[in-house]
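K.L.:
Provided herewith is a single structure, encoded as structure tokens, for subsequent inquiry.
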Amino acid sequence: MSLSKIFKISASASVVLMGLSSGKAQSLTLNLLESPGTAIPTLINAVQAPTSGINVIAGTESFQGKIGDGTNPNTAQSATYTGFSLVPTSGSTPTLILPNGILLTSGTANLPTSNTANNFSNNLAQPGSGSNAALSTLSGKNTFDSNAISFNFTLSDPKDISVEADFIFGTDEFPTQSVTDIFGFFVDGVNYAKFPDGSLISNPVGGATNFINNPVGGGLYPIEYNGLSQHFTVVGLLNPTLTTHTIQIAVADTNDNIFDSGVFIGNLKGSNAGGGGIITPPEPGPTTTPEPSLILGLVALGAWGIGSKAKRKV
Ligand SMILES: [Ca+2]
Ligand SMILES: [Ca+2]
Ligand SMILES: [Ca+2]
-16 MSLSKIFKIS ASASVVLMGL SSGKAQSLTL NLLESPGTAI PTLINAVQAP
34 TSGINVIAGT ESFQGKIGDG TNPNTAQSAT YTGFSLVPTS GSTPTLILPN
84 GILLTSGTAN LPTSNTANNF SNNLAQPGSG SNAALSTLSG KNTFDSNAIS
134 FNFTLSDPKD ISVEADFIFG TDEFPTQSVT DIFGFFVDGV NYAKFPDGSL
184 ISNPVGGATN FINNPVGGGL YPIEYNGLSQ HFTVVGLLNP TLTTHTIQIA
234 VADTNDNIFD SGVFIGNLKG SNAGGGGIIT PPEPGPTTTP EPSLILGLVA
284 LGAWGIGSKA KRKV
């Protein structure tokens, strides 16, 4: 496997993560958000499918996080991405494929092209700042270095009753730490992002079953995060009593602002899928673009646990 990092000369720095498998190159390109004037529309456009059926209500868009300063790429907390296809170099873990989208992080979006450390940390906010109210309530923890987008919308197709998106969550809290950094996908105020076992999308305390181990020195996937979720589709139900709807996509550190996490998410679109609160794993396959499989069953809202009490870093 060869790795390279390229910075394009453009308004937004780009990082190309290269991996080779079976003689075929795969690449993930990150375009760091470094332009304050265009960052919000860029993210909201890039998170959506090409034909999303989503009508964003002008003036309702918001962003929480740091825009890069244009000098130090590590100051960019968010990015858009293309070419997400991470091929494992060994073992039986899946090729991780996602439609184009955005990267939101609790640190920097300038991710290294390999797993460089167990404690990858970029503390963009001042200590104790960067809290996200929805994620704090969801996790039951204080949140820091939050990175979020939100907007109000309507859907073009009257048959649509939900919105859906594809994502992969990564974290350096896994597996050495017991701090539950978190990702939330809120539709009309309700979080629908959960693992198939009903637990929140966060590093579990004492549990490892929902993450692929991508250890330092293991060379498994060419990306910094030690723990990676599989590719999931999240379906968020619209509240039928409302005429306009809200969405917030957010990630944050919890308890402190070190050991960062991030979510790659895209293909956001209107959907006629029911069963909100469910995450549907894609069909397995190393070379084809995954599609949502059958909805496996309802996970009752509120069924997930908040988890154990906060612990300090070990
Ligand atoms: Ca790492
Ligand atoms: Ca951080
Ligand atoms: Ca963290």
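Residue 114 in the working numbering sits at position 131 of the sequence shown, and the numbers go up by one each step. For each residue, glycine too, the CB sits at the ideal point set by N, CA and C.
Is the beta carbon of Ile50 less than 8 Å from the beta carbon of Ile132?
P.N.:
No, these two residues do not count as a Cβ contact at 8 Å.
K.L.:
In three-state DSSP terms, what is Ser119?
P.N.:
In the structure shown, Ser119 sits in a helix (DSSP, three-state: H, G or I).
K.L.:
Near ligand 3, which residues have their beta-carbon less than 6 Å from any of its heavy atoms, given in chain order?
P.N.:
Residues flagged by the Cβ proximity filter: Ser89, Glu156, Val162, Asp164, Asp236, Ile241, Phe242, Asp243 and Ser244.
K.L.:
Among Tyr204, Pro205, Tyr175 and Ile195, which one has its Cα closest to the Cα of Leu221?
P.N.:
For Leu221, the nearest C-alpha among the options comes from Tyr175.
K.L.:
Under 7 Å: does the beta carbon of Val199 sit that close to some heavy atom of ligand 1?
P.N.:
Flag set: Cβ of Val199 near ligand 1.
K.L.:
Let me check one thing: in DSSP terms, what residues is Lys252 bridge-paired to?
P.N.:
According to DSSP, Lys252 bridges with Glu147.
K.L.:
Taking only heavy atoms of ligand 1 into account, decide whether any of them is closer than 7 Å to the Cβ of Ala62.
P.N.:
Checking every heavy atom of ligand 1 against the Cβ of Ala62, none is found closer than 7 Å.
K.L.:
Does the stretch 142 to 152 come close enough to the stretch 118 to 134 that 3 or more CB-CB pairs lie under 8 Å?
P.N.:
No, they do not touch.
K.L.:
If you draw a straight line from the C-alpha of Gly11 to the C-alpha of Ile80, how long is it?
P.N.:
Sequence inspection shows Leu at residue 11; the Gly mentioned does not correspond to that position. In a straight line, the C-alpha of Leu11 is about 10 Å away from that of Ile80.
K.L.:
Which residues mark the beginning and the end of the alpha helix (DSSP H) in which Thr301 is found?
P.N.:
Any question about residue 301 goes unanswered here, given that the chain covers just -16 to 297.
K.L.:
I want to check one thing, is the minimum distance from the CB of Phe103 to the heavy atoms of ligand 1 below 7 Å?
P.N.:
At least one heavy atom of ligand 1 is nearer than 7 Å to the Cβ of Phe103, so yes.
K.L.:
Beta carbon of Tyr208: closer than 7 Å to some heavy atom of ligand 1?
P.N.:
Yes; taking the cut-off as 7 Å, the Cβ of Tyr208 has a heavy atom of ligand 1 nearer than that.
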